[in-house]
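Here's the structure we're looking at; comments come further down.
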Amino acid sequence: MSFLVKNYNRRKISFKYGKGSFLYSVNGKKYLDFVQGIAVNSLGHSNPYLVKAINKQSKKLWHVSNAFIISEAEKLAKRLTQKTFADYVLFQNSGAEATEAAIKIARRYFYSIGQEKKNRILCIKNSFHGRTLATIFASGSRKMTEGFGPKVDGFDHFEFGDHKGLKKAINSKTAAIMIETVLGEGGIKVIPDWCLKELRKICNKKKILLILDEVQCGIGRSGKFFAFENSKIKPDIVPIAKGIGGGFPIGAVLMTKKVASGMVPGSHGSTFGGNPLAMSVGNAVLDQIFKKNFLKNIKKISLYFHNELNKIKNDYPNIIKDVRGVGLLIGLQLFHDQTKFIKNLENNQLLTIRAAENVIRVLPPLTVKKKEIDLAIKIIRKVCKEYKK
Numbered sequence: 008m009s010f011l012v013k014n015y016n017r018r019k020i021s022f023k024y025g026k027g028s029f030l031y032s033v034n035g036k037k038y039l040d041f042v043q044g045i046a047v048n049s050l051g052h053s054n055p056y057l058v059k060a061i062n063k064q065s066k067k068l069w070h071v072s073n074a075f076i077i078s079e080a081e082k083l084a085k086r087l088t089q090k091t092f093a094d095y096v097l098f099q100n101s102g103a104e105a106t107e108a109a110i111k112i113a114r115r116y117f118y119s120i121g122q123e124k125k126n127r128i129l130c131i132k133n134s135f136h137g138r139t140l141a142t143i144f145a146s147g148s149r150k151m152t153e154g155f156g157p158k159v160d161g162f163d164h165f166e167f168g169d170h171k172g173l174k175k176a177i178n179s180k181t182a183a184i185m186i187e188t189v190l191g192e193g194g195i196k197v198i199p200d201w202c203l204k205e206l207r208k209i210c211n212k213k214k215i216l217l218i219l220d221e222v223q224c225g226i227g228r229s230g231k232f233f234a235f236e237n238s239k240i241k242p243d244i245v246p247i248a249k250g251i252g253g254g255f256p257i258g259a260v261l262m263t264k265k266v267a268s269g270m271v272p273g274s275h276g277s278t279f280g281g282n283p284l285a286m287s288v289g290n291a292v293l294d295q296i297f298k299k300n301f302l303k304n305i306k307k308i309s310l311y312f313h314n315e316l317n318k319i320k321n322d323y324p325n326i327i328k329d330v331r332g333v334g335l336l337i338g339l340q341l342f343h344d345q346t347k348f349i350k351n352l353e354n355n356q357l358l359t360i361r362a363a364e365n366v367i368r369v370l371p372p373l374t375v376k377k378k379e380i381d382l383a384i385k386i387i388r389k390v391c392k393e394y395k396k
């Protein structure tokens with residue numbers, strides 16, 4: 008009997024340890040893990056460099072308080088700003104906290120310049136920005152908000168790809184547009200570069216802020232440090248999490264100097280955000296991601312993976328409808344319910360996870376090897392062949 012609350016529909020499998028791209032179950036089976044904690048373990052399981060960094064820091068200092076200067080946080084913030092659009096960083100513990108803080112930062116900015124009535128955030132309907140009360144209503148999903156009323160106000164929505172609806176939804180109270188650069192839970196739908204450029208123009212014209220949620224698609228997963236970088240635009244606010252900690256809980260909000268001006272002492276806080284242990288891990292992750300050719304290799308190996316998946320799609324056109332995504336954030340959209348397909352992949356010792364629109368998310372670590380991708384391709388092809396029968 009489990010004494011855990013039943014809010015998860017857990018698979019009947021438990022793991023003893025992991026190494027790189029693989030997980031080893033308590034009953035001795037070896038699985039190719041292309042879930043990786045849902046794009047969290049960016050450098051794979053038990054990465055030796057991260058283990059070393061945690062061990063080293065754990066012997067010095069775990070937690071103090073943001074009432075004091077935390078040198079590890081100062082270092083990580085400096086490195087993030089040096090490599091990105093941002094001027095300032097606010098550390099949190101998770102993606103939900105980061106997106107919640109992003110909403111607060113946007114509203115606080117307009118409040119600080121005497122426009123407190125500009126406080127509404129415009130989002131894509133059925134997107135995903137976290138599980139706090141504010142972020143579930145930001146997502147505009149009936150499924151996520153059911154039973155959690157009353158409604159948290161302050162959010163408006165438009166349908167994915169409905170550009171007329173987007174423009175129509177902007178009004179005098181709109182403070183920001185917040186979207187995922189790549190919709191993860193929503194079905195691995197990529198916002199095209201031309202669309203991001205147009206969003207930036209709209210925000211400039213309307214004098215509102217652009218928030219790009221890169222919690223799942225950021226930190227190298229696209230082949231760029233941020234997925235929006237291919238569009239050559241600069242957002243105002245970017246919440247991150249998942250990959251920056253390589254498996255350790257870290258969230259953060261990156262922002263420009265302009266919007267950071269509203270965040271004065273006492274305006275926001277976090278007990279654990281920016282703690283020395285987490286920050287040492289974040290710095291170790293950046294050590295690896297900023298290595299020469301690391302991101303180039305993601306682009307190279309992901310292009311190979313996408314090409315091989317499209318070959319399977321062409322061979323089984325009645326099973327796979329579409330191969331979606333960018334870099335190592337991949338979605339396989341099926342014609343039929345993905346539940347059986349995911350189970351069959353698991354039976355063949357490949358772990359994947361679902362998304363909306365009948366999509367299977369495929370999320371290898373950024374350190375994945377070609378031979379591991381080849382193994383995944385072999386398993387997916389085998390399941391397609393069996394599924395066809």
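Position in the sequence shown counted from 1, then plus 7, gives you the numbering used here.
Just so it is clear, CB atoms sit at the ideal spot from N, CA and C, and this is done for glycine as well.
If I follow the unbroken beta strand (DSSP E) through residue 150, where does it start and stop? Counting along the chain, no beta strand (DSSP E) covers residue 150; the unbroken alpha helix (DSSP H) around it starts and ends at 149-152.
Going by C-alpha distance, which of 346, 72, 308 and 185 is nearest residue 373? Selected option, being the one with the closest Cα: 308.
Tell me whether residue 224 sits in a helix, a strand or coil according to DSSP, three-state version. Note: residue 224 maps to coil in three-state DSSP.
Terminal residues of the continuous beta strand (DSSP E) containing residue 181? It spans 181-187 - the beta strand (DSSP E) in which residue 181 sits, taken as one unbroken run.
N-terminal and C-terminal residue of the alpha helix (DSSP H) that residue 89 is part of: Judged by DSSP secondary structure, residue 89 falls within the alpha helix (DSSP H) whose first and last residues are 78-90.
Return the CA-CA distance between residue 189 and residue 199, expressed in angstroms with no decimal places. A direct Cα-to-Cα measurement between residue 189 and residue 199 gives close to 9 Å.
Please return the same chain residues whose Cβ sits closer than 7 Å to the Cβ of residue 182, not counting the five positions on each side in sequence. Around residue 182: 113, 114, 117, 125, 126, 127, 128, 215 and 216.
I think residue 259 touches residue 98, with their Cβ atoms under 8 Å apart; what is that distance to the nearest whole Å? Contact holds; Cβ gap of about 5 Å.
Give me the Cβ distance between residue 80 and residue 254, rounded to the nearest whole Å; I'm assuming they're in contact under 8 Å. The C-beta separation of residue 80 from residue 254 comes to about 19 Å, leaving the pair out of contact by the 8 Å criterion.
With distances taken between CB atoms, is the gap from residue 46 to residue 295 smaller than 8 Å? Contact: no.
Status (buried if at least 16 other CB within 10 Å, exposed otherwise) for residue 38: With 16 or more other Cβ atoms within 10 Å, it is buried.
Just the Cα atoms here: how many angstroms apart are residue 69 and residue 285? A straight line joining the alpha-carbon of residue 69 with that of residue 285 spans about 8 Å.
By the three-class DSSP mapping on this structure, what secondary structure does residue 243 have? If DSSP states are grouped into helix, strand and coil, residue 243 belongs with coil.
Taking the C-alpha atoms as reference points, what is the distance between residue 90 and residue 389? Distance from the CA of residue 90 to the CA of residue 389, rounded to the nearest whole angstrom, comes to 42 Å.
Start-end ranges of the alpha helix (DSSP H) lying completely within the segment 10-79, minimum 4 residues: Whole alpha helix (DSSP H) segments, 4+ residues: 43-46 and 55-65.
Considering only C-alpha positions, which residue in the set 202, 162 and 360 is nearest to residue 169? Comparing Cα-Cα distances from residue 169 to each of 202, 162 and 360, the minimum goes to 202.
C-alpha gap between residue 392 and residue 321, whole angstroms: Cα to Cα, residue 392 sits roughly 13 Å from residue 321.
When the Cα atoms are used, what is the spatial distance from residue 265 to residue 313? The alpha-carbon atoms of residue 265 and residue 313 are separated by roughly 39 Å.
Residue ranges of each beta strand (DSSP E) within the segment 244-331, 3 or longer: Within the segment 244-331, the complete beta strand (DSSP E) runs of at least 3 residues are 244-247 and 258-262.
Using the three-state DSSP reduction, which class does residue 233 fall into: helix, strand or coil? In the structure shown, residue 233 falls within a coil segment according to DSSP collapsed to helix, strand and coil.
Alpha carbon to alpha carbon, how far is residue 121 from residue 269? Give it in angstroms, no decimals. One alpha carbon belongs to residue 269, the other to residue 121, and they sit about 11 Å apart.
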